[in-house]
Every structure is written in C-alpha cells, then in structure tokens.
Amino acid sequence: MIKKLIFFFVIIGCLKPNEYTEQVNQAEQVISLQSWDDFIENRQGNIPLMIIAVHGGSLDPDWIKTRTCDEATIVKDSYTKEVALKIESQLKIYGYNPYIVLNDLHRKKLDLNRSLNKSNCGDSTTKPYWNLFHEQVYNYRTEIQNKFGSGLVIDIHGQSHEEQRIELGYLLSSSELKMDNSTINSSSFKNESSVRSLLNKNLGELKLTDLLSGEFSIGSLLSQKGYASVPSKEVIAPKEGELYFSGGYNTAIYGSRNSGSVDAIQIELNMNGVRNTDQNRSVFSKNFAEVIISYLKTYYKNDL
Ligand SMILES: [Zn+2]
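Take 23 as the starting number for the sequence shown in this note's numbering and just add one per residue.
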C-alpha cells in the first residue's frame, strides 16, 4: 500500500494540471495491476530444506528504475528459477515439500543477494519488496529451526565462468580451499563457514573437509551423478586464475556463520549440460533432488 501511494504522488507531482486526470487514471490502472506480492513466490515446506533463487526473475516494470550505478551487476541468472521449480516438483514426487522463496523481479531492478543499501543503487522504490522477500526467508528459516532443530538453505545461482562445473559456496575463498586439511579444519575456518552449526553439532566426528570434499559432500555426490563440482573429492579447489564464487549475502545471512542452527550453501550452476536445455534442466533437477535428500538424511534428519 505504501508503495502504491508513493508511486501515485510521484506521478501526479510531475504533471501540468491539464494532464492530471488522464495520467492519474493511467497510474491507477498500473498500481491496481501490480503489488509487491506479484514478484515473490513462496511456499511452506515439510522438510528442513529451503530453496531460494533471487537472480532468475524476468519481470521488469517501467515504474521501477533500472539500476545503473557502477557496482551494479544486472545480468540475470538464466533458468535458475525454472531449475528451482523443477527441483521442488521432483522432491514433491518423492513426498517432500521444501520451503520455497523465489524472486520474479529482474536483477536489473533489484539485487536480492545484497544488503538493502547495496541492492538498489540508492533508489528506495524497491525497499518494501527487499523487506518482504527477506522477511519471508527469515520467517521460514526461523520456522525450520523451531520445527526441526536444524536445517539447510540452498541459494541457487547461475555462473558463466569458463570452467563448466558447479561452484558450491561455503563462504571460504579459493585460496582458503587450497590450504592443507589441518588448517581448513581449524576452528577459525569453521567459524567463518556457512555450515558452522552442523560442524558444532557433530564436534569431533565431522570435519569441515568432510563437508567440502569428503565422500558425502554435496560436491562429491553431484560429481558421482556426472556433474563436475568444486569443491568436491575430484576438484578440491579452483586452480590459480580460475574464477570461483564462494557465497554471497544470502549464504552469509541465512547460514550459521553468525547465528542459529540453519546452514546455507550457495549453488552456482554452470550452463552446459545443466541449464542450457529444458531436458538438461529436468535431468539435473532430478539428480539434484536425489543428492539433496541423501544429504539431508546423512546430516540433518536421519528419519526423513
Ligand atoms: Zn546470481
């Protein structure tokens, strides 16, 4: 409602009186058609897993300015929303409903993997939507914590780096992943990671290197299904000069680095063989659903 009023006064404030009635009518038509709820898709789940996708949205209404500031990345992560929906459908076939929060607004209008201040190039039009989206994720995360004791957030993105492989982000940099096992398994690395809670819960039995590149790491499970991934048993770290995303705002905020017992992993999907055709997206989503169920059973809920 606040958004609607702001929009209304911005429109009428710029007009000559004789243009007033016609323009007001047009503005009323636009605002009656769209509300922030139209840009978010969310569903409650019945397992300790939340899937979010923020850069796959397509809607780019004229009444929200396109972001043009220097630091703004405005490219969409193609087909990531579709992949998220396919993973959800596949999980439902197996009887599991993940918590879902998906964004339909194009990244050129708002970046939901940034803090509020960095999301909008100084234009506060989208502030109510940033709040709505993040409140929804926050509320589901709290619900997962209360209902299941612990859980996992998967933030799905798409990367266009040269190496065609899936990049998994645990908030550890490329150079940190290259270090020796005893350094990676030190408490400072654990405390820096987005899976801190899971490691604390299994102190002494589970090491950070197990989650990054062990037999039952997501990277190794995906590799076994034919999807090259880093980190994994096969590729422990990116080589010198290779680009790698280690996890952004959502992984930091909704994982357990700062607080709570819900962990987070950023999943950056490559294009070839994963996102590039509808068939590949379907096959990948089925495989990913199987991997994530097995992961949840191993680390979060044995009786899933
Ligand atoms: Zn992205």
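Just so it is clear, CB atoms sit at the ideal spot from N, CA and C, and this is done for glycine as well.
Computed from a predicted structure; not experimentally measured.
Asked: Which of the three DSSP states, helix, strand or coil, is assigned to Leu-81?; Found: strand
Asked: How is Ile-176 classed by DSSP in three states: helix, strand or coil?; Found: strand
Asked: When the Cα of Phe-306 is compared with those of Glu-264, Tyr-317, Ile-62 and Lys-247, which residue comes out closest?; Found: Lys-247
Asked: Suppose the cutoff is 6 Å on Cβ atoms and the five residues either side in sequence are ignored; what does the same chain contact list for Leu-199 look like?; Found: Pro-253 and Ala-259
Asked: Can you tell me the Cα-Cα spacing of Gly-173 and Asp-300, whole angstroms?; Found: 30 Å
Asked: With DSSP as the reference, please indicate the residues paired to Arg-65 in a beta bridge.; Found: Ile-122
Asked: Report back the beta-carbon spacing between Leu-154 and Ile-62 to the nearest angstrom; my notes put them in contact at under 8 Å.; Found: 6 Å
Asked: Collect the residues with a C-beta less than 5 Å away from any heavy atom of ligand 1 and give them in sequence order along the chain.; Found: His-77, Asp-99 and His-179
Asked: If you follow the beta strand (DSSP E) that Gln-288 is part of, which residue opens it and which one closes it?; Found: 284 to 291
Asked: Provide the residue span of the alpha helix (DSSP H) that contains Ala-311, from first to last.; Found: 300 to 321
Asked: Count the other C-beta atoms from every protein chain shown that fall within 10 angstroms of the C-beta of Arg-89, then say buried if there are 16 or more, exposed otherwise.; Found: buried
Asked: Evaluate the contact criterion for the region 176 to 184 versus the region 287 to 294: three or more CB pairs, one atom per stretch, below 8 Å.; Found: yes
Asked: Helix, strand or coil, according to DSSP, for Lys-38 in the structure here?; Found: Reliability of the predicted coordinates at Lys-38 is poor, the pLDDT of 48 falling under 50, and the value obtained from them is presented with this limitation in mind. Here Lys-38 sits in coil by DSSP.
Asked: Only counting the same chain, and skipping five residues up and downstream in sequence, which positions put a Cβ closer than 8 Å to that of Thr-43?; Found: With a pLDDT of only 47 at Thr-43, under the threshold of 50, the placement of this residue in the model should not be trusted; the figure read from the coordinates follows. Cβ neighbours of Thr-43 beyond the five flanking positions: none.
Asked: CA-CA distance, Ser-80 and Ile-74?; Found: 16 Å
Asked: Identify, in the order they occur along the chain, each residue of the same chain with its Cβ nearer than 7 Å to the Cβ of His-128, setting aside the five sequence neighbours on each side.; Found: Gly-79, Ser-80, Leu-81, Asp-82 and Lys-98
Asked: What does the alpha-carbon distance come out to for the pair Ile-28 and Glu-93?; Found: With a pLDDT of 45 at Ile-28, under the threshold of 50, the modelled position of that residue is not reliable, and the figure given next carries that caveat. Using only the alpha carbons, I get a separation of about 26 Å.
Asked: Please report the Cβ distance between Ser-210 and Arg-279, rounded to the nearest whole angstrom; I am assuming they are in contact, meaning their Cβ atoms lie under 8 Å.; Found: In fact, because the Cβ distance is near 12 Å, the residues do not count as touching under 8 Å.
Asked: Taking only three categories from DSSP, how would you classify Arg-136?; Found: coil
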